[in-house]
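So the sequence lines, in the order shown, correspond to chains H and R. Positions 20 to 488 (the numbering used here) are the ones given, in order, by the first sequence. Positions 20 to 488 (the numbering used here) are the ones given, in order, by the second sequence. Think of the CB as a built atom: it goes at the ideal place given N, C-alpha and C, for glycine as much as any other residue.
Protein chains: 2
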Amino acid sequence: MKSRLLYVCAVLVGAGAFAGFAIPQEKKEHADLVIAGGTVVTMDADRHILEDGAVAIKGDQVVGVGKRAEIEAKYTAAAHIDAHGHLVLPGFINGHTHVPMTLLRGLKNDVTLDVWLKNYIFPAEAKNVTEEFVRWGTRLAAAEMIRSGVTTFADMYYFEDAIAEETKAAGMRGILGESWLDFPVPDNKNEAEATAYTEKFLKRWQGDPLIHAAVAPHSIYLCSQKTLHDVQTLAQKYHAPILIHVAEIKKELDDSLAQNQATPVQYLNRIGFLGPDVVAAHCIWVDATDRKLLAEKGVGCVHNPSSNMMLASGVAPVPEERAAGIAVGLGTDGPAGSNNDLDLMEEIDLATKLQKINKMDPRALGAKSVVEMATIAGATAVHLEKEIGSLETGKKADIILINLGEPNALPMYDVYSQLAYALKANDVDTVIIGGRVVMRDRKLLTLRETEILAKAREYGKRVTASLEH
Amino acid sequence: MKSRLLYVCAVLVGAGAFAGFAIPQEKKEHADLVIAGGTVVTMDADRHILEDGAVAIKGDQVVGVGKRAEIEAKYTAAAHIDAHGHLVLPGFINGHTHVPMTLLRGLKNDVTLDVWLKNYIFPAEAKNVTEEFVRWGTRLAAAEMIRSGVTTFADMYYFEDAIAEETKAAGMRGILGESWLDFPVPDNKNEAEATAYTEKFLKRWQGDPLIHAAVAPHSIYLCSQKTLHDVQTLAQKYHAPILIHVAEIKKELDDSLAQNQATPVQYLNRIGFLGPDVVAAHCIWVDATDRKLLAEKGVGCVHNPSSNMMLASGVAPVPEERAAGIAVGLGTDGPAGSNNDLDLMEEIDLATKLQKINKMDPRALGAKSVVEMATIAGATAVHLEKEIGSLETGKKADIILINLGEPNALPMYDVYSQLAYALKANDVDTVIIGGRVVMRDRKLLTLRETEILAKAREYGKRVTASLEH
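Structure follows, in structure tokens:
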């Protein structure tokens with residue numbers, strides 16, 4: 020008995036010595052976190068998919084992506100996440116939304132855009148939108164987005180500085196645009212106020228690792244040419260992105276043709292507005308010339324299939340836009356009646372199905388293309404492709420783990436098909452943004468969810484009462 | 020101390036006596052289960068919604084629906100479910116699917132219907148579909164469907180008797196149609212075999228509380244007129260429903276016009292096939308005359324928006340069908356490449372969005388209408404409206420609880436909007452079928468999920484290998 024024990028000990032010591040000899044501890048590089056064992060869907064230029072892969076993270080960056088054995092041999096890590104049975108992806112990018120409108124979720128549906136805006140949304144906003152409202156709405160939205168694997172979002176609303184604070188507190192990445200419209204809005208009563216607010220906002224967030232402060236002139240029909248120029252000047256001064264709705268509805272096209280003798284895109288080009296700092300939401304009513312211009316000027320487009328269907332805005336020519344060389348991302352739009360959720364995985368699914376039925380061709384837009392739109396193409400659309408959108412060394416560590424352990428996840432014949440058509444927001448179980456774990460096993464780590472849900476109920480009652488009087 | 024204890028006891032006895040006096044225990048009726056405290060969305064004729072409502076269940080039936088106070092005053096129950104913070108609804112009805120195809124989930128996507136069927140589905144089925152395959156596929160499907168609030172489904176596949184056994188074991192309700200095609204299929208090599216199999220199958224399940232055995236001639240293009248007549252004779256002998264694909268693709272319409280000088284619906288009517296026992300899946304290529312015929316003959320239609328988009332089959336004229344008086348339900352279709360999941364809540368959302376964009380009118384089909392299609396209209400479409408589809412005394416106790424405690428669920432301004440556009444399959448947390456709790460707090464009680472998932476992985480590998488050789 021004793022000799023057998025000694026033999027076992029000797030073997031163990033030997034194995035340890037051998038392992039130490041093969042890969043000396045002191046030669047390993049340090050990482051803060053290693054995620055290992057999953058199927059790593061890199062979305063890099065070659066769209067590598069690594070079975071039994073791993074990702075090493077240091078600070079807020081990815082420092083290594085490869086096979087598990089290779090990464091584990093190279094790094095020692097302070098923390099590990101076992102990703103067996105999971106897909107490991109770059110976080111999804113919600114390229115267009117209005118996050119505080121979560122508090123108006125589904126306020127009114129199944130009416131025309133005019134009735135919806137004039138009878139419901141504008142009165143509800145006028146009576147309820149304060150900085151406090153915006154904060155709680157952002158928190159609710161952050162909870163919902165993290166739960167569906169979104170790590171970056173582009174927003175257009177009021178009190179955007181408060182939205183930035185809440186986004187940062189939630190640990191999310193944001194391209195956050197203060198809205199400009201040619202009429203008084205909840206936070207600014209005129210252009211002088213808007214300029215003061217926006218300039219302070221842009222200055223404050225310069226160089227922030229998570230927050231990209233932006234300016235968001237609503238559209239060509241709610242902003243004059245002068246407003247658009249002023250916004251552009253301000254944006255260029257602070258190297259800030261510009262977010263704008265472009266060619267969303269037929270009326271916008273018709274009115275622009277009548278007033279400007281040009282399509283919305285050609286009008287924006289004529290006034291010198293288009294450039295590689297612009298993110299154009301929707302881009303539905305765009306012709307071949309428009310698409311060529313958008314591509315040439317480096318404008319990013321964001322497709323919002325739920326919203327476009329819900330409001331019957333039209334079907335964006337996404338395959339043609341991609342073919343023209345435009346980076347097209349995906350967005351949920353706001354949840355007040357044009358979606359009514361912030362679930363980007365539904366947009367992935369819808370984007371492909373909508374093109375197929377619209378063109379009566381199942382090949383119109385495939386699973387891989389829409390997963391690209393939610394990740395690397397989406398990153399390019401919001402002009403952050405050097406920072407996010409793929410799992411590559413040097414990029415920000417914005418990473419999601421999707422569980423393959425639910426009935427809807429099995430069997431899996433093709434990763435992209437599964438992502439586009441079978442996996443759901445709820446299958447996302449872990450989310451990391453800039454190296455920080457913000458959700459683990461579906462538990463939110465940066466947000467007080469119970470308090471947020473209670474506030475959401477309270478605001479629901481308040482908004483309902485405000486519309487009754 | 021002693022006197023205080025005596026006092027407490029006296030108070031308790033007094034309270035008991037008082038409660039006993041107000042509602043004497045012996046006068047209360049017995050119920051097996053009372054679900055109390057939620058928002059009960061009855062889907063009854065008046066579409067009553069009861070805040071702080073309750074449902075009492077005895078055996079497999081609903082015996083009482085009302086306000087909580089009223090139901091609790093009337094019934095003592097062996098078991099209680101607290102439904103505070105939940106919607107309580109009749110279970111969803113998946114009116115058209117092919118459940119064993121879960122094992123071929125997303126086998127191939129983004130190709131034309133022809134390529135998909137001939138190069139992938141038919142070879143995969145020929146090489147893999149056995150009774151054992153069908154059993155595991157049904158178990159996987161049952162797990163997925165229960166998790167998304169489906170309590171009843173209509174199926175068309177092979178070895179349907181095995182599907183019936185597994186459906187019953189899972190505690191689900193099914194209208195299960197043995198498939199008939201004019202060529203050899205995995206379970207039957209000719210019509211004589213099909214007749215023998217089907218007759219035995221129909222006899223076996225007569226009077227079963229959960230299983231409605233049915234016959235499923237595939238379509239007019241894969242079944243001759245003689246086959247359709249033989250199926251009808253068999254179905255009528257056993258009072259069995261008939262499930263069939265009708266007017267799904269343009270080619271079916273064109274070919275029927277050429278061969279029969281009639282649309283598919285008018286051809287089926289001419290040969291005396293249409294009646295109140297028929298459930299017609301798809302009904303896309305139907306004109307006004309077809310719709311009038313379907314309504315007059317009491318045929319139920321089932322709309323499958325995901326599948327119709329995915330395969331680019333066309334957009335069913337659902338509003339026109341409803342206006343003609345046809346009961347139109349909702350279905351997922353099979354998950355092998357025409358969906359790729361069994362999530363009926365996504366079909367609710369898609370059904371309305373698809374009509375809105377197709378008609379370029381947000382009023383085309385509203386939230387309440389699509390919730391009807393998933394419940395009471397769906398029940399009527401599968402001819403079980405006397406049994407299921409609403410929460411009313413005398414109906415089967417098929418009930419789901421949907422949690423309103425996740426970020427996407429709040430705030431809630433309108434119950435139907437929330438159900439159609441914001442709530443997800445994952446929000447369903449409890450499912451009761453025929454009075455039996457089959458899922459509680461998202462834990463499946465009738466299925467061995469771990470084993471099923473392992474088998475799904477195994478079949479995935481086996482199918483992949485079978486197509487490589």
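| request: On a CA-only basis, which of HIS264/R, GLY344/R, GLY356/R and THR371/R is nearest ALA173/R? Give me that one, please. | output: Looking at the Cα atoms, HIS264/R is the closest of the given residues.
| request: Express the C-alpha separation of LEU287/R and CYS242/R in angstroms, rounding to a whole number. | output: CYS242/R and LEU287/R: Cα-Cα distance of roughly 12 Å.
| said: Applying the 10 Å Cβ sphere with the 16-neighbour rule, what's the burial state of PHE292/R? | reply: Counting C-beta atoms within 10 angstroms of its own C-beta, PHE292/R has 16 or more neighbours from the protein chains shown and is therefore classed as buried.
| said: Please list, in chain order, the residues of the region 336-369 of chain H that have any C-beta partner in chain R closer than 9 Å. | reply: Hits within the stretch, in order: PRO354, GLY356, ASN358, ASN359, ASP360, LEU361, ASP362, GLU365, ASP368 and LEU369.
| query | DSSP three-state call for LYS222/R: helix, strand or coil? | reply | In the three-state scheme derived from DSSP, where H, G and I count as helix and E and B as strand, LYS222/R is classed as helix.
| ASP296/H - DSSP class collapsed to helix/strand/coil | In this structure, ASP296/H counts as coil in the three-state DSSP scheme.
| Is ARG87/H buried or exposed, if buried means 16 or more other CB atoms sit within 10 Å of its CB? | Its Cβ being crowded by 16 or more others within 10 Å, ARG87/H is buried.
| field | Contained alpha helix (DSSP H) runs [length at least 4] in the region 132-195 of chain H, N- to C-terminal order | value | DSSP runs (the alpha helix (DSSP H)) wholly in the region 132-195 of chain H: 141-147, 150-166 and 179-188.
| request: Report the residues of the region 435-466 of chain H with a CB closer than 8 Å to any CB of chain R, ordered along the chain. | output: So the close ones are SER436, GLN437, ALA439, TYR440, ALA441, LYS443, ALA444 and ASN445.
| task | Could you tell me whether the region 383-401 of chain R touches the region 143-162 of chain R, using the rule of 3 or more Cβ pairs below 8 Å? | result | Because the criterion of three Cβ pairs below 8 Å is not met, the region 383-401 of chain R and the region 143-162 of chain R do not touch.
| Identity of the residue in GLU144/H, VAL59/H and GLU267/H nearest PRO203/H by Cα | From the listed residues GLU144/H, VAL59/H and GLU267/H, the smallest Cα separation to PRO203/H is found for GLU144/H.
| request: Hey, could you find the ends of the alpha helix (DSSP H) ILE90/R is sitting in? | output: Residues 87-93.
| said: Runs of 4 residues minimum, wholly inside the region 260-346 of chain R: which ones carry the alpha helix (DSSP H) assignment? | reply: Taking only runs of at least 4 residues, the alpha helix (DSSP H) segments lying wholly in the region 260-346 of chain R are 269-279, 283-289, 307-315, 324-329 and 337-342.
| request: Note down the Cα distance separating LEU463/R from ALA189/R, rounded to an integer number of angstroms. | output: One C-alpha to the other measures close to 9 Å.
| Distance, VAL74/R Cα to LYS415/R Cα | Near 12 Å, if we compare the C-alpha coordinates of VAL74/R and LYS415/R.
| task | Mark GLN225/H as exposed unless 16 or more other C-beta atoms lie within 10 angstroms of its C-beta, in which case mark it buried. | result | When all chains shown are included, GLN225/H counts as exposed.
| query | Unbroken beta strand (DSSP E) runs of length 3 or more, entirely within the region 339-394 of chain R: which are they? | reply | The region 339-394 of chain R contains, as complete beta strand (DSSP E) runs of 3+ residues, the segments 347-349 (chain order).
| query | Using a Cβ-Cβ distance under 8 Å, would ALA11/R count as near chain H? | reply | Because chain R here runs from 20 to 488, residue 11/R falls outside it and cannot be looked at.
| query | Is GLN244/R near the ligand ADP, in the sense that its beta carbon is under 7 Å from a heavy atom of that ligand? | reply | This structure lacks the ligand ADP; in fact it carries no ligand of any kind.
| query | Does any CB atom of chain H fall closer than 8 Å to the CB of ALA386/R? | reply | At least one beta carbon of chain H lies nearer than 8 Å to the beta carbon of ALA386/R.
| Which listed residue (ALA331/R, GLU406/R and ILE165/R) has its alpha carbon closest to that of ILE376/H | Of ALA331/R, GLU406/R and ILE165/R, the residue nearest in Cα terms is ALA331/R.
| message | Rounding to the nearest angstrom, what Cα-Cα distance links GLY350/R and PRO324/R in this structure? | response | Looking at the two C-alpha atoms, the distance is approximately 8 Å.
| Are the beta-carbon atoms belonging to THR469/H and VAL457/H less than 8 Å from one another? | At a Cβ-Cβ threshold of 8 Å, THR469/H and VAL457/H do not count as neighbours.
| query | Buried or exposed: which applies to PHE40/R, given that a residue is buried once 16 or more other Cβ atoms fall within 10 Å of its Cβ? | reply | Caution is warranted here: a pLDDT of 47 is assigned to PHE40/R, below 50, making its placement in the model unreliable, and the coordinate value is therefore given only provisionally. Exposed is the label assigned to PHE40/R, since fewer than 16 other Cβ atoms lie within 10 Å of its Cβ.
| query | Looking only at DSSP bridge pairs, what is ILE54/H linked to? | reply | Under the DSSP definition of a beta bridge, ILE54/H partners with VAL74/H and ILE100/H.
| request: Mark ALA475/R as exposed unless 16 or more other C-beta atoms lie within 10 angstroms of its C-beta, in which case mark it buried. | output: Counting other Cβ atoms within 10 Å of its Cβ, ALA475/R reaches 16 or more and is therefore classed as buried.
| query | Which first and last residues belong to the alpha helix (DSSP H) in which ILE471/H is found? | reply | Run containing ILE471/H: 468-487, per the alpha helix (DSSP H) assignment.
| query | Secondary structure at LEU106/R, three-state DSSP: helix, strand or coil? | reply | In the structure shown, LEU106/R sits in a strand (DSSP, three-state: E or B).
| field | Chain-ordered chain R contacts of ASP433/H [CB-CB under 9 Å] | value | GLY125, LEU126, LYS127 and ASN128, listed in chain order.
| request: Provide the residue span of the beta strand (DSSP E) that contains ASP448/H, from first to last. | output: First-last of the beta strand (DSSP E) with ASP448/H: 447-452.
| request: Run down chain H in chain order and give the residues with a C-beta less than 7 Å from the C-beta of ASP65/R. | output: What ASP65/R touches in chain H: nothing, since even the nearest Cβ is about 20 Å away.
| said: Closest to GLY57/H by C-alpha separation, out of HIS49/H, ASP79/H, PRO142/H and GLY85/H, would be which residue? | reply: Ranked by how close their Cα comes to the Cα of GLY57/H, the residues HIS49/H, ASP79/H, PRO142/H and GLY85/H have GLY85/H in first place.
| said: On the criterion of 16 or more Cβ atoms from any shown chain inside 10 Å, does ARG124/R qualify as buried, or is it exposed? | reply: In the assembly as shown, ARG124/R is a buried residue. Its beta-carbon has 16 or more other beta-carbons within 10 Å.
| request: With a cut-off of 8 Å on the beta carbons, I'd call ILE290/R and ALA335/R a contact; round off their distance for me. | output: ILE290/R to ALA335/R, Cβ: 23 Å. No contact.
| field | Top-ranked residue by Cα proximity to GLU411/H, from VAL337/H, GLN80/H and GLU70/H | value | For GLU411/H, the nearest C-alpha among the options comes from GLN80/H.
| query | In chain R, which residues lie less than 9 Å from THR171/H when you measure between Cβ atoms? | reply | Under the 9 Å cutoff, chain R gives no residues; its nearest Cβ is about 18 Å from THR171/H.
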